[in-house]
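Note that the protein sequences, when read in sequence, are chains A and H. In terms of the UniProt record's numbering, the first sequence is numbered consecutively and its last residue is 810. In terms of the UniProt record's numbering, the second sequence is numbered consecutively and its last residue is 229. From the three backbone atoms N, C-alpha and C, an ideal C-beta is built for every residue, glycine too. The structure appears below as C-alpha cells.
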Amino acid sequence: MFWHYLHSALLAVKAQGKYTIINILGLAVGLCATLILLLIIVSETGFDTYHPQHQRLARLEIVFDSMDNTQVAAIAGPMGQLLVEKGLVADGTRLTRRTLNLRVGKRQYLEPNVVFADTNLADMLHFDTLAGDIHQALTRPEGLVITQSTAKRWFGAQQPLNQRVMMPTGEPMQVLAVIADLPRNTHLQLDMIAGMASLEAIEGRGGLESWMRNDFYTYVRLADHVQRQQLEQRITDLLSQPIQQIVPDFTLHFVLQPISDIHLHGHAMNEFKVNGDARQMSIFASLIAVILFIAIFNYINFATATAGRRAKEIGVRQVVGATRSMMVNQFMCESLLLVFIAFTVALIGMLLLLPWVNTAFDQSLQFSMLWDLRWFIWMFGLFMLVVLGAGFYPALVLSAIPTLAALRGAGFKGKSGHWFRRSVLFCQLACAIGLAILGGHIYAQIRLIEQTPLGYEQQDKLVFSDIDSRELFATLPMFSQQLQRSSNIKQVAAAEFIPSQQHGNVVSLRSATQHQLSVENVLIDTVSSDFFATMGIKLLAGREFLPQEHELSANATSNESIPVIINKTVLVALGYSTAKEAIGQQLTLGWDPSFDTVNLGRIVAVVDDYYTTSLKAPLRPMVFVTGNVLQAKSQLVVSFDAGHYLDTLAQLRTLWASRFSSNFPRYQLLSSRVSALYRQDRLGSNMVNLFNLLALLVVTFGVLGLCSFSAQRRLKEFALRQLMGAGVLDLCWILGREFLVLVLVAWSAIILPTWWLTEHWLVQFMVHVGAQWWLYLLAPFLLMGMIALVVVGVVKLLGHVNLARVLRTE
Amino acid sequence: MITLENISKTFANDEVKTQALTDVSLTINEGEFIAIMGSSGSGKSTLLNHIGLLENADAGHYWFEGSDLYQMSRSARQKFRASHLGYIFQNFNLIDDLTVYQNIELPLLYQKVAKSERQQRVNEVLERLELTQRQLHRPLQLSGGQQQRVAIARALVTRPRVILADEPTGNLDSRIGAEVMSLLQELNAEGATIVMVTHSPEHAEYCGRVVEMADGTLINNSAKLATAN
Ligand SMILES: Nc1ncnc2c1ncn2[C@@H]1O[C@H](COP(=O)(O)OP(=O)(O)O)[C@@H](O)[C@H]1O
Ligand SMILES: [Mg+2]
Chain A
1 MFWHYLHSAL LAVKAQGKYT IINILGLAVG LCATLILLLI IVSETGFDTY HPQHQRLARL
61 EIVFDSMDNT QVAAIAGPMG QLLVEKGLVA DGTRLTRRTL NLRVGKRQYL EPNVVFADTN
121 LADMLHFDTL AGDIHQALTR PEGLVITQST AKRWFGAQQP LNQRVMMPTG EPMQVLAVIA
181 DLPRNTHLQL DMIAGMASLE AIEGRGGLES WMRNDFYTYV RLADHVQRQQ LEQRITDLLS
241 QPIQQIVPDF TLHFVLQPIS DIHLHGHAMN EFKVNGDARQ MSIFASLIAV ILFIAIFNYI
301 NFATATAGRR AKEIGVRQVV GATRSMMVNQ FMCESLLLVF IAFTVALIGM LLLLPWVNTA
361 FDQSLQFSML WDLRWFIWMF GLFMLVVLGA GFYPALVLSA IPTLAALRGA GFKGKSGHWF
421 RRSVLFCQLA CAIGLAILGG HIYAQIRLIE QTPLGYEQQD KLVFSDIDSR ELFATLPMFS
481 QQLQRSSNIK QVAAAEFIPS QQHGNVVSLR SATQHQLSVE NVLIDTVSSD FFATMGIKLL
541 AGREFLPQEH ELSANATSNE SIPVIINKTV LVALGYSTAK EAIGQQLTLG WDPSFDTVNL
601 GRIVAVVDDY YTTSLKAPLR PMVFVTGNVL QAKSQLVVSF DAGHYLDTLA QLRTLWASRF
661 SSNFPRYQLL SSRVSALYRQ DRLGSNMVNL FNLLALLVVT FGVLGLCSFS AQRRLKEFAL
721 RQLMGAGVLD LCWILGREFL VLVLVAWSAI ILPTWWLTEH WLVQFMVHVG AQWWLYLLAP
781 FLLMGMIALV VVGVVKLLGH VNLARVLRTE
Chain H
1 MITLENISKT FANDEVKTQA LTDVSLTINE GEFIAIMGSS GSGKSTLLNH IGLLENADAG
61 HYWFEGSDLY QMSRSARQKF RASHLGYIFQ NFNLIDDLTV YQNIELPLLY QKVAKSERQQ
121 RVNEVLERLE LTQRQLHRPL QLSGGQQQRV AIARALVTRP RVILADEPTG NLDSRIGAEV
181 MSLLQELNAE GATIVMVTHS PEHAEYCGRV VEMADGTLIN NSAKLATAN
C-alpha cells in the first residue's frame with residue numbers, strides 16, 4: 001500500500017509540473033535559511049557540557065555594585081580557597097592568564113595565552129591528555145602542559161615531552177604533559193598551563209595573596225541540590241567582609257555563573273574570549289519561526305488552491321473504496337515526498353553556502369558539526385514539523401471533500417477556501433513587512449553606532465602594536481623628532497593602551513585637597529607627550545606631558561609628586577566644578593583600593609571623556625601618567641596627512657631598523673581597529689537582514705505560486721479578454737490587484753506591532769535612532785514591487801499561450 | 001435484496017432549495033436489471049446515488065438483506081459500499097495518470113487484497129473485457145468505448161453484488177452503446193443485480209424492469225416484471 005501511496009504521490013508531484021517546482025523551491029529556500037540558522041544555534045549552544053558533572057560547575061564572578069555594577073569574570077586569589085575551607089562549595093580550582101615572552105631554544109615567542117592553574121585543575125575541568133600527566137605537571141614548579149598545536153609550533157616534528165622552555169625571568173620550565181587543543185565548544189582559551197608555583201616564582205606571592213587583585217578565574221563544584229541564589233548570598237556575606245575591612249564603603253556581590261552558560265551569557269570584564277550572544281540566538285530562533293511559518297503556509301495555501309484540479313481524482317478514489325484515513329495517508333505521503341525533495345535541496349544549498357556564510361558572517365561553522373547528534377535530532381524534528389505542519393491541514397481538508405462534489409469537480413473552493421488563503425497570505429505579507437521594517441531599523445542603528453564620535457579621531461592614524469614598552473618609551477623622543485621631519489607625518493605618540501583597546505590597569509584616586517572624595521577602579525594609562533594631540537582627544541584645560549617628564553616620573557620616589565592628567569569623569573567625581581580649578585591640585589594614586597602603595601600626583605591637565613572601546617561600554621574614569629610603565633608591551637600611534645598611508649609606512653620601516661632592535665611590529669589603521677569593534681554587531685545586523693530578505697523571497701514564491709495558479713485557472717477568461725483587446729497592463733491589474741490590496745491591508749495591520757517591537761529593541765542602546773518613518777513607507781512598496789514583478793512575469797508567460805487552442809479546449 | 005422506504009432529499013444551495021426526492025420507496029430484488037428513466041432533473045441520479053450510498057437521505061430507510069444501512073456507522077457503510085457495490089459513470093471517471101491496469105487494480109488496493117490475488121483478479125477482468133492488450137495504456141489513449149470498458153472492469157473487479165450505472169452509454173455512439181448494454185446484460189445473466197439510469201428507451205429494452213421518475217417521485221413503480229408487494 002505504501003508503494004501505491006508513494007507512486008501516487010510521485011504522479012501527483014509530476015502532474016503539478018511547474019507548480020511543484022515553485023512550491024518546492026519556495027520551501028527549499030525557507031528550509032535552507034532555517035537549516036543555516038539552526039546550525040548556528042546548535043554550534044553556539046551546548047558549550048562546556050563536556051566537563052564531567054558540568055551541571056554542578058560554576059564560575060564565581062564579582063559584581064561591583066558601587067562601580068556601575070561592573071561584573072568581572074575573575075576574582076581575587078584567596079577567595080576560592082576560603083570557600084572550599086569553609087565548606088560552601090565542594091571543590092574549587094583557579095586559573096589566571098598572562099601574556100609572556102617565552103624562549104624555546106634560541107627563539108622567542110610572545111605567548112598571549114599562558115595559564116597558571118591549581119594542581120586540581122584536571123579534576124574539575126576536562127582536558128584530553130595526549131602524553132604525560134596534567135596533575136603531576138602542575139604539582140612540579142617547572143612543570144608545563146602545552147597543547148598539541150603549541151607543541152607543533154615550538155618543536156615541529158620533535159617529541160615535545162621533557163623539552164625545555166625558558167620563562168621571561170629565566171626560570172627553566174619543562175614540558176611534562178601534552179593535551180589536545182581545546183574543543184570548539186568551550187569558553188576557555190589557553191595554549192599552555194603551568195602550576196601556581198611557577199607564577200609565584202615569576203611574580204612573587206603578592207598577587208596570589210591579594211584580596212584586591214581580581215585576576216583569578218575561579219571554578220567551583222557545587223554540592224548536590226544546592227540553591228544557587230542562597231549560596232551566592234552566603235558567599236557574598238563571607239567574601240565581602242575582608243574587602244570591606246579594607247575599603248568600608250565598597251559594595252559588591254558575587255554570582256555563580258553556571259559553566260555551560262558562560263559562552264552565551266558571560267559578558268563580564270576579562271572574559272577568556274569574546275563570548276556568544278544569547279540575544280542574537282533568540283533573534284535567530286524567532287527568525288526560524290517566522291520563516292518556517294511563511295514556508296509552511298505557502299505549501300498549505302498551494303495544496304488547497306490546487307485541490308480543484310485534483311477533485312476528480314479524489315472523488316474517484318473515494319468511489320472505488322478509499323476511506324478517509326487512506327486519503328489522509330496518501331496526502332501525507334505526498335507532502336512527505338515534497339518536503340523530502342525540498343529538504344534535500346535545502347541541505348545541498350546549505351552545504352554549498354556554508355563556506356560563504358563562514359567568511360561573510362565570521363562564523364566558524366564546520367561540516368563536522370553536521371555529525372553532532374543534537375543537530376540530527378533538531379533536523380529530524382524540523383523535517384517532521386514541516387511534513388506534519390505542511391501536510392496535515394491540506395490532507396484533512398482534501399480528504400473531507402464529499403465524494404459527489406469531488407466527482408463534479410468542486411475542489412476546496414467556495415468562500416471558506418478563498419478566505420482561508422487570503423488570511424494566510426495576509427499573515428505572511430504582514431510578517432514580511434514587519435521584518436523589513438525591523439531589519440531596516442537594526443541596520444540604521446548599527447550605522448548610527450558606527451558613526452557616533454567616540455571622543456577621538458579615527459582617521460589617518462596608524463597603530464603599531466605590541467612593542468617592548470621600555471625600548472619604545474626610551475627611543476620615542478629621538479624617533480619622533482626624526483619622523484616629524486618628514487612632511488606627511490603629523491604627530492607621533494606612544495601609550496600602553498590606546499582607544500579601541502580594552503584597558504587593563506586600574507587604580508584608585510583620592511583628592512588631596514577634597515579629603516573625603518575618592519574614585520575606585522579608575523583606568524590608568526601611561527602615555528607619552530603629544531598623546532592627546534596625536535589621538536585628537538580634546539584638552540579641556542592644562543597641557544600635555546612634556547618629554548622630560550617621562551624620566552622624572554619614572555624615577556620619582558613615593559613622596560615626590562608626579563604629573564597626572566585626569567578625564568572629565570574623574571574631575572566630576574572629585575568634586576571640581578571647572579577644569580581650570582583642578583589644574584595644579586594634588587591627588588593620591590592608590591595602586592590598591594586600600595592605598596597601601598601610593599604615588600602623589602599633581603594634575604597638569606584635564607581631557608574630555610572618550611570611549612575606550614565601543615559605544616556599548618560606558619564612559620569610565622581615567623587617569624594618565626607618563627613614565628610609570630606597567631605593561632611589558634605598548635603601542636605607537638602615528639598620525640599622518642590624509643592619503644599618505646603608504647609613504648608613512650615606508651618611512652617608518654626605514655627608520656625603524658636604525659632605531660629599534662626588535663622586528664618591525666604589527667600595524668593597523670586606527671579606523672579599521674574601531675570598525676572591528678563593531679564587527680560583531682554589523683555582522684549580526686547583516687545576517688538578520690539577509691534572512692529577512694530570504695523570508696521575503698519565500699513570501700514571493702508563495703505569491704508566485706498562487707498567482708500563476710490563478711492565471712492558469714482563469715486562462716480562458718484571460719484569453720477572451722485578450723481577444724477583446726485587453727493589454728498586458730490590464731491583465732496584470734486584474735491578476736495582481738488582489739495581492740496589492742492585501743499588501744496594503746497587511747501593512748496597516750502590522751505598523752503598530754512593528755513600531756512597538758522596534759522601540760523595545762532600540763531602547764537598550766545608550767544612543768539610538770528614532771523611528772525611521774521612511775522605512776514604514778518603503779517596506780510595503782518593496783513588497784508591492786516584488787509582487788508586481790511576479791505578476792508581470794506570469795502575464796508575460798500567458799502571452800505565449802496559443803489563444804485559439806485555449807478557447808477550443810475549454 | 002434492497003428496500004428503500006420513503007426516501008426524501010432536499011438540496012439547499014444559497015437560498016435555493018430543491019426537493020430532489022420526495023417519499024421514494026423502491027424494492028430491488030436479487031438478480032434484477034432495472035432501468036430508471038425520466039426527464040432531465042427528475043432526480044434519477046440522486047436516486048441512484050442514494051442506492052449507491054454516495055448521498056445521505058434526509059428521511060427514510062435503506063434495508064439491505066434485512067440490515068438497516070442508515071443505522072450503521074460511517075465506516076461500516078463505507079466497507080459495505082466498497083465490497084457490495086460497483087459504479088459506472090457516464091463520463092467514465094478514470095484516473096488519467098494511472099494505467100488501465102492500475103485503474104482497475106485501485107479498488108483491490110484499497111480493500112487490501114494481497115498482491116498475487118490482485119494480479120489474478122485484474123487479469124481475469126482484463127481478459128473478460130478484452131483489454132489485456134491495453135493494460136499499459138493510459139485512459140486518454142483509449143476511445144470512449146474502451147474507456148467505459150475499463151470503468152466496467154474496475155466496477156467488476158471487486159465482484160460486487162450490485163452494479164450501479166448512471167447513463168453508462170450517454171457519452172457513446174449507438175453501436176458502442178449497444179455493445180456496453182449487451183455486456184451489462186451478460187453480467188446480469190451471470191447473477192449481478194444492476195440498476196441503470198438511462199435516457200434511451202432502446203437501452204431500457206435490455207432491462208427486466210423500468211422505473212419512471214418525475215419531479216422526484218416514482219410515477220411507475222410496477223413495470224413489466226413487478227415482483228414487489
Ligand atoms: N448537489 C446538488 N446540489 C443542489 N442541487 C442538486 C444537487 N444534485 C442534484 N440537484 C438538483 O436535484 C434535482 C435532481 O437532479 P438529478 O438527480 O441530477 O436529476 P437527473 O439525474 O434526473 O437529471 C435537479 O433539480 C438538480 O438541480
Ligand atoms: Mg443525471
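Exercise. With 16 as the cutoff for other CB atoms within 10 Å, does residue 48 of chain A come out buried or exposed?
Worked result: buried
Exercise. Thinking C-alpha only, which one of A:713, A:437, A:767 is nearest residue 450 of chain A?
Worked result: A:767
For this session: Please report the Cβ distance between residue 367 of chain A and residue 354 of chain A, rounded to the nearest whole angstrom; I am assuming they are in contact, meaning their Cβ atoms lie under 8 angstroms.
Result: 7 angstroms
For this session: Specify, as a first and last residue, the run of the alpha helix (DSSP H) that residue 692 of chain A falls within.
Result: 679 to 713
Exercise. Where does residue 42 of chain H land, buried or exposed, given buried means 16+ other C-beta within 10 angstroms?
Worked result: buried
Exercise. Can a CB atom of chain A be found closer than 8 angstroms to the CB of residue 97 of chain H?
Worked result: yes
For this session: Taking the CB atoms as reference points, tell me whether residue 461 of chain A and residue 670 of chain A lie closer together than 8 angstroms.
Result: yes
Problem set entry | Cross-chain neighbours of residue 4 of chain A in chain H, by beta carbon under 8 angstroms | 109
For this session: Compute every distance between the C-beta of residue 56 of chain H and the non-hydrogen atoms of ligand 1, then say whether any falls below 7 angstroms.
Result: no
Exercise. Can you pull the DSSP bridge partners for residue 623 of chain A?
Worked result: A:524, A:566
For this session: For residue 106 of chain H, decide whether its Cβ has a neighbour in chain A, counting only Cβ atoms nearer than 8 angstroms.
Result: yes
Problem set entry | Members of the UniProt domain "ABC3 transporter permease C-terminal" (286 to 401) of chain A that neighbour chain H once the beta carbon cut-off is set at 8 angstroms | 312, 313, 315, 316, 317, 319, 320, 321, 322, 323, 326
For this session: Go through its chain and collect everything with a Cβ distance to residue 264 of chain A's Cβ below 6 angstroms, but skip five positions before and after it.
Result: 276, 278
Exercise. Does DSSP put residue 615 of chain A in a helix, a strand or coil?
Worked result: coil
For this session: Answer yes if the region 390 to 399 of chain A comes into contact with the region 305 to 314 of chain A, meaning at least three C-beta pairs across the two stretches below 8 angstroms, and no otherwise.
Result: yes
Exercise. Would you report the Cα separation of residue 105 of chain A and residue 631 of chain A, rounded to the nearest angstrom?
Worked result: 25 angstroms
Problem set entry | Whether residue 26 of chain A touches residue 702 of chain A by CB criterion (8 angstroms) | yes
Exercise. What residues in the region 158 to 177 of chain H bring their beta carbon closer than 8 angstroms to a beta carbon of chain A?
Worked result: 158
Exercise. Applying a beta-carbon distance threshold of less than 8 angstroms, which residues of chain A neighbour residue 124 of chain H?
Worked result: Ordered by position in chain A, no residue passes the 8 angstroms Cβ test against residue 124 of chain H, which lies about 17 angstroms from the chain.
For this session: Output, in chain order, the set of chain A residues within a Cβ distance shorter than 9 angstroms of residue 112 of chain H.
Result: 1
Exercise. Among the residues of its own chain, which have a CB less than 7 angstroms from the CB of residue 244 of chain A, if the five just before and after it don't count?
Worked result: 250
Exercise. Quick one, which of A:513, A:687, A:656, A:16 has its alpha-carbon nearest residue 356 of chain A's?
Worked result: A:687
Exercise. Residue 44 of chain H: beta carbon under 7 angstroms from a heavy atom of ligand 1?
Worked result: yes
For this session: Identify the contact partners of residue 6 of chain H in chain A, using a Cβ-Cβ distance below 7 angstroms as the criterion.
Result: Per Cβ cutoff of 7 angstroms: no residues; residue 6 of chain H is ~22 angstroms from chain A at best.
Exercise. So is the beta-carbon of residue 38 of chain H under 7 angstroms away from any non-hydrogen atom of ligand 1?
Worked result: yes
Exercise. Where residue 224 of chain H and residue 720 of chain A are concerned, what is the direct C-alpha to C-alpha distance, given to the nearest angstrom?
Worked result: With a pLDDT of 49 at residue 224 of chain H, under the threshold of 50, the modelled position of that residue is not reliable, and no figure is offered here.
Problem set entry | Pairwise C-alpha distance: residue 12 of chain A and residue 181 of chain A | 53 angstroms
Exercise. In whole angstroms, what separates the C-alpha of residue 196 of chain A from that of residue 469 of chain A?
Worked result: 26 angstroms
Problem set entry | Chain-order list of residues whose beta-carbon lies under 6 angstroms from that of residue 346 of chain A (same chain, five-residue window excluded) | 28, 31, 32, 35
For this session: Answer yes or no: does any C-beta atom of chain A fall closer than 8 angstroms to that of residue 70 of chain H?
Result: no
Exercise. Does ligand 1 have a heavy atom nearer than 7 angstroms to the CB of residue 41 of chain H?
Worked result: yes
Exercise. Cα separation between residue 810 of chain A and residue 798 of chain A?
Worked result: Low confidence applies to residue 810 of chain A: its pLDDT is 43, below 50, so where it sits in the model is not reliable, and the reading given next is rough at best. Going from the Cα of residue 810 of chain A to the Cα of residue 798 of chain A covers about 16 angstroms.
Problem set entry | residue 343 of chain A (DSSP reduced to helix, strand or coil) | helix
For this session: With 9 angstroms as the C-beta to C-beta threshold (strictly closer), list the residues of the region 46 to 77 of chain H near chain A in chain order.
Result: 49, 52, 54, 55, 74, 75
For this session: Entirely within the region 133 to 179 of chain H and at least 4 residues each: give me those alpha helix (DSSP H) ranges in chain order.
Result: 144 to 156
For this session: Express the C-alpha separation of residue 26 of chain H and residue 227 of chain H in angstroms, rounding to a whole number.
Result: Its pLDDT being 39, under 50, residue 227 of chain H is placed unreliably by the model, and the measurement read from it follows with that caveat. Answer to the nearest angstrom: the Cα atoms are 11 angstroms apart.
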